[in-house]
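Numbering (mature numbering (1 follows the signal peptide of the UniProt record, and there is no 0)), first residue to last: -22 to -1, 1 to 156.
The beta carbon of each residue, even a glycine, is placed where N, CA and C say it ideally should be.
From a predicted model like this one, the values you see are computed outputs, not experimental measurements.
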Amino acid sequence: MIKVVPLLLCMLIAVCLQGSSSSDSVSGNAGRLDRVESQVAVLQAQQEGGSDNFWNIGSKFFYIEENQKVNWHSALNICRELGGHLADPDSQQELNSIKQRLTRGRHYWLGISDLANEGLFLSQDTGKRATFLKWIYGEPNNYGSYEHCVELKSQKDRPFLMNDAPCGLKSYFICERE
């Protein structure tokens, strides 16, 4: 399997770039790059045991990506490919259990955003208002009017609370499945 992944990676890049011309827009190329990043991350997760690396908390299973950073949209796609969705903690107890497995100083995407309506944070899985939000002091603040995706972020004295961040930032992520 290890020798197959580089070959698959090369094939994915070739397919995504095939037909690319100088008339392609920057956003079109960025979309292709996002798809390639998602597909590469899925291949890496599967190579490392991927969906077998989900661990149990209550009735849910979680996967924490610790090797590759991707933007929020790519993280959504990767979690779907792994049979789940970006995590959406629904209680302090669940958040505490997740936090025990995170690497301090890193940021992790969650499946919550206010992309549809500023200030209304929805679960990407259900489309309903997020049931549990535990913000860093002063957040969410929509700094620069473009922070719409929620991450878990650690600070000096308060490890891993929620922060609204630009969806295009590259971060690690947490997947969830039933």
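Counting C-beta atoms within 10 angstroms of its own C-beta, G89 has 16 or more neighbours from the protein chains shown and is therefore classed as buried. M140 is the residue among R136, M140, Y121 whose C-alpha sits nearest the C-alpha of L130.
According to the DSSP assignment, W33 belongs to the beta strand (DSSP E) that extends over 33 to 35. Per the DSSP secondary-structure output, S101 pairs in a beta bridge with I90. It is roughly 20 Å from the alpha-carbon of E72 to the alpha-carbon of G105. Take the alpha-carbon of K77 and the one of I35: they are about 12 Å apart.
In the displayed model, A53 falls within a helix according to three-state DSSP. An exposed status is given to E96, since fewer than 16 other beta-carbon atoms sit within 10 Å of its beta-carbon. When secondary structure is reduced to three states using DSSP, S75 falls in the helix class. Residue state for Q70 is assigned as helix, using DSSP reduced to three classes. DSSP places D142 inside the beta strand (DSSP E), whose first and last residues are 139 to 143. Distance from V128 to F110 at the Cβ level is roughly 11 Å; contact not present, criterion being Cβ atoms closer than 8 Å. Rounded to whole angstroms, the Cβ separation of T81 and E44 is 6 Å, and the two are in contact under 8 Å. Between the C-alpha atoms of H63 and Y41 there is a straight-line separation of about 10 Å. Judged by beta-carbon spacing, C153 lies within the 8 Å limit of A65, meaning their Cβ atoms are closer than that value. Following the DSSP letters along the chain, one finds R82 in no beta strand (DSSP E), marked with neither H nor E. Taking V48 as reference, the option from R155, S149, E156 with the minimal CA-CA separation is S149. Contact annotation, L147 with H126: C-beta distance approximately 11 Å; criterion of less than 8 Å not satisfied. Within the same chain, Cβ atoms closer than 7 Å to the Cβ of G83 are found at S132, the five residues on either side in sequence being excluded.
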